[in-house]
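Number of protein chains: 4
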Amino acid sequence: MRATGDIQCIPIGSGVSVRAEVKRAHEILEQAGLNATLHPNGTSVEGELEAILDAVRQIHERLHEEGVVRLVSFVKIATRTDKEPSLRGKLF
Amino acid sequence: MRATGDIQCIPIGSGVSVRAEVKRAHEILEQAGLNATLHPNGTSVEGELEAILDAVRQIHERLHEEGVVRLVSFVKIATRTDKEPSLRGKLF
Amino acid sequence: MRATGDIQCIPIGSGVSVRAEVKRAHEILEQAGLNATLHPNGTSVEGELEAILDAVRQIHERLHEEGVVRLVSFVKIATRTDKEPSLRGKLF
Amino acid sequence: MRATGDIQCIPIGSGVSVRAEVKRAHEILEQAGLNATLHPNGTSVEGELEAILDAVRQIHERLHEEGVVRLVSFVKIATRTDKEPSLRGKLF
Chain A
1 MRATGDIQCI
11 PIGSGVSVRA
21 EVKRAHEILE
31 QAGLNATLHP
41 NGTSVEGELE
51 AILDAVRQIH
61 ERLHEEGVVR
71 LVSFVKIATR
81 TDKEPSLRGK
91 LF
Chain B
1 MRATGDIQCI
11 PIGSGVSVRA
21 EVKRAHEILE
31 QAGLNATLHP
41 NGTSVEGELE
51 AILDAVRQIH
61 ERLHEEGVVR
71 LVSFVKIATR
81 TDKEPSLRGK
91 LF
Chain C
1 MRATGDIQCI
11 PIGSGVSVRA
21 EVKRAHEILE
31 QAGLNATLHP
41 NGTSVEGELE
51 AILDAVRQIH
61 ERLHEEGVVR
71 LVSFVKIATR
81 TDKEPSLRGK
91 LF
Chain D
1 MRATGDIQCI
11 PIGSGVSVRA
21 EVKRAHEILE
31 QAGLNATLHP
41 NGTSVEGELE
51 AILDAVRQIH
61 ERLHEEGVVR
71 LVSFVKIATR
81 TDKEPSLRGK
91 LF
């Protein structure tokens, strides 16, 4: 099932700058084959629902492997059956 | 990897009352074997990261099968490597 | 105090299309004098913390006056004291 | 206008433990006269919309005064005109 989403990952206890971790999370979303667009408070994504959720898993697993001790993600998932969900369709 | 989370599902266009859909989403989280506690703005969950994310997928798929046309989920996922994450440990 | 934020407003029970309400919410954020940029899952804002929060109040009050029966907002607020917070500074 | 809400505040760069800051945020919500109930991923609140939003402002201002360098809040606000919104009414 197709879905759109929004994913923001915040490392806790990694210092005041979180730029490196935000960049890694965005890279993982792109490598997952999702249509991914960065915005100031997250990354907008479009793709299969399973692929989006699996990318969230990958972000947590990889960032912990790379040394992040604590990680919180804020995820929005949107699906609909009346038409193909798309990021473009959510802008008026 | 163990995780804690918070999941709120909101049907759009199903009418002003969303009680039935909120109840179904909570049931799916319980049936997924997650430690699930309802609160006024979502359900707190504790379990394997993959199981939590898979439960989000199941909620979307099943509620659409049951007739919901549009669905938005707000999900928080928290993981840490310094200790076992638990819902209990997040209360002071 | 300066802040950045992200505001998404969702009417419940207004029908499957929420385009009109999303557009009104975005207009109110712009009229509030905030630097406001629409993205697929909300509007990024930059301005005084009080002005951002007051704009959330205005959205709820005005949309209800205009007939929306039920409204949920998802708001992210970010502040920092080490540098001037800006939307531009949150992109890598 | 009455509202219900959910407020989670996360300090960034304050170390892996955020217990002290979470406790302070919850105290400020209680002192604001809001009906406030802690849960694992935030505090549920019930009160006047203006009072809830003003409490968010107070949390940011006071925690920064007390030394927190960077702070992110995740806020949900719900209002409705068909009945008095209440935290109790949101549980099935």
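Protein chains in written order, with the numbering used here: chain A, 1 to 92; chain B, 1 to 92; chain C, 1 to 92; chain D, 1 to 92. Note that the Cβ used here is the ideal one computed from N, Cα and C, for glycine as well. Since the model is a prediction, treat every value here as computed from it, not as a measurement.
Nearest-angstrom beta carbon gap, residue j and residue i [assumed within contact, 8 Å]
i, j, result
"residue 64(D)", "residue 81(C)", "5 Å"
"residue 77(A)", "residue 52(A)", "7 Å"
"residue 39(A)", "residue 14(C)", "Rounded, the Cβ-Cβ distance is 25 Å, inconsistent with contact."
Delimiting residues of the beta strand (DSSP E) encompassing residue i
i, result
"residue 78(C)", "70–80"
"residue 35(A)", "35–39"
"residue 11(D)", "2–12"
Residue i: first and last residue of the uninterrupted alpha helix (DSSP H) it sits in
i, result
"residue 28(A)", "19–31"
"residue 56(A)", "49–65"
Residue i versus residue j - alpha carbon distance
i, j, result
"residue 87(B)", "residue 7(A)", "22 Å"
"residue 56(A)", "residue 10(D)", "20 Å"
"residue 54(A)", "residue 60(A)", "10 Å"
"residue 69(B)", "residue 62(D)", "43 Å"
"residue 21(A)", "residue 35(B)", "29 Å"
"residue 24(A)", "residue 67(C)", "43 Å"
"residue 71(D)", "residue 79(A)", "31 Å"
"residue 30(C)", "residue 1(B)", "43 Å"
"residue 16(D)", "residue 89(A)", "39 Å"
"residue 37(D)", "residue 42(B)", "13 Å"
"residue 26(D)", "residue 26(B)", "26 Å"
"residue 58(A)", "residue 58(B)", "19 Å"
"residue 12(C)", "residue 12(D)", "33 Å"
Exposure of residue i, with buried meaning 16 or more beta-carbon neighbours within 10 Å
i, result
"residue 74(C)", "buried"
"residue 46(B)", "buried"
"residue 84(D)", "exposed"
"residue 19(B)", "exposed"
"residue 49(C)", "buried"
"residue 33(B)", "exposed"
"residue 91(B)", "exposed"
Near-chain B residues of the stretch 13–38 of chain C - C-beta to any C-beta below 9 Å: 13, 14, 15, 16, 17, 18
Under 8 Å (Cβ pairs) to chain C, residues found in the stretch 57–77 of chain B: 69, 70, 72, 74
Short-range partners of chain A found in the stretch 44–56 of chain C, where Cβ spacing is below 7 Å: 44
Near-chain C residues of the stretch 78–91 of chain D - C-beta to any C-beta below 8 Å: 78, 79, 80, 81, 82
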